[in-house]
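Colleague: I have a structure I would like to understand better, so I am pasting it below and will then ask my questions one at a time.
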Amino acid sequence: MNILIESKRLGTWSPVMASAHVPVDQVTLAVLHGQELALWRNKQGTVQAWENRCPHRGTRFTLGRIIDGELSCGYHGWRFASSGKCTAIPAHPNMTPPKTICANAYSVTERFGMVWVALGTPDEDVPAVGPLADSDRHAVFCRSFTIYRSAEEVSHQVLQRRTDYLAIHGNSILIEENGPAVQSILLFQPMTAEKCVVHLWVSCTKPKPDEAALKRKYIEQFKRLRQEIELRTAA
Ligand code: FES
């Protein structure tokens, strides 16, 4: 039996959002280890993860919008390319912005239907989440749950309550619901010392399942588990 608790090393990749929830035309907020992130996609569809703070006056990038594949700050409209560099300052249309004006970008990648971010230099590859990578299985994203407990506490409580699990990585827990035929996968996103997000996936053997029914079942099941964890650990 392995119990692997999520590490707070800045070089560790953490899941921050389902890829499907980062569309091309909007800026999306995520929080990792207390750091606000602005997630968005450039024209090529490559996802970006920036510190949620404009280098001009500190306005949150998530108050901005995407224009022609660039992020436009919501306050003075400075534009930033996906390289992070400022490309235009509307108040000075004839000026080429200095190269030093740059958004603070973090390491980001997409794997297994999720956006992963490392706040520091990644010291390892994105963890292998086997059932989500297995082309012989169906992977279904159910929902992301905010839980008012730390990722470590939630991991611990899940492992206390479920015996039918395999811990497969520091920030994921695999639970075999029906032998290996149906597996639920919990991916942990540490937000703060008191709060985390759990991204719930279900993986099942072929043929293709009734996704709506599967989602309903596992979302309800995890809601009960969340309530149990929050009530129990509040006592
Ligand atoms: S605060 Fe962002 S452009 Fe001024």
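Under our numbering, read the sequence shown as residues 16 to 250, first letter to last. Yeah, the Cβ is synthetic: ideal placement off N, Cα and C, and Gly gets one too.
Does ligand 1 have a heavy atom nearer than 6 Å to the CB of S115?
Modeller: For the sequence presented, residue 115 should be read as Thr rather than Ser. No, since every heavy atom of ligand 1 falls outside the 6 Å radius drawn around the Cβ of T115.
Colleague: Beta strand (DSSP E) containing P205: first to last residue?
Modeller: V197 to P205
Colleague: Mind checking which residues open and close the beta strand (DSSP E) that includes A64?
Modeller: V62 to E66
Colleague: With distances taken Cα to Cα, identify the nearest neighbour of W216 among A64, Q172 and M129.
Modeller: M129
Colleague: Please classify L134: does DSSP put it in a helix, a strand, or coil?
Modeller: coil
Colleague: Please state the DSSP three-state secondary structure of I116.
Modeller: coil
Colleague: Can you name the residues that DSSP bridges to W55?
Modeller: According to DSSP, W55 shares a beta bridge with Q63.
Colleague: Please name the residue or residues paired with K100 in a DSSP beta bridge.
Modeller: C117
Colleague: Start and end of the beta strand (DSSP E) containing A45?
Modeller: T43 to L47
Colleague: I need the boundaries of the beta strand (DSSP E) containing S34, first residue and last residue.
Modeller: No beta strand (DSSP E) holds S34; DSSP gives it neither H nor E.
Colleague: Between S97 and T61, which are expected to be in contact by the criterion C-beta below 8 Å, what is the C-beta distance as a whole number of angstroms?
Modeller: 7 Å
Colleague: For the beta strand (DSSP E) that V217 lies in, which residues bound it at each end?
Modeller: C211 to T220
Colleague: I need the straight-line Cα distance from I116 to K100, nearest angstrom please.
Modeller: 6 Å
Colleague: Go ahead and pull the three-state DSSP assignment for E21.
Modeller: Because E21 sits at a pLDDT of 43, beneath the cut-off of 50, its placement in the model cannot be relied upon, and the point is left open.
Colleague: Would you report the Cα separation of I162 and A196, rounded to the nearest angstrom?
Modeller: 28 Å
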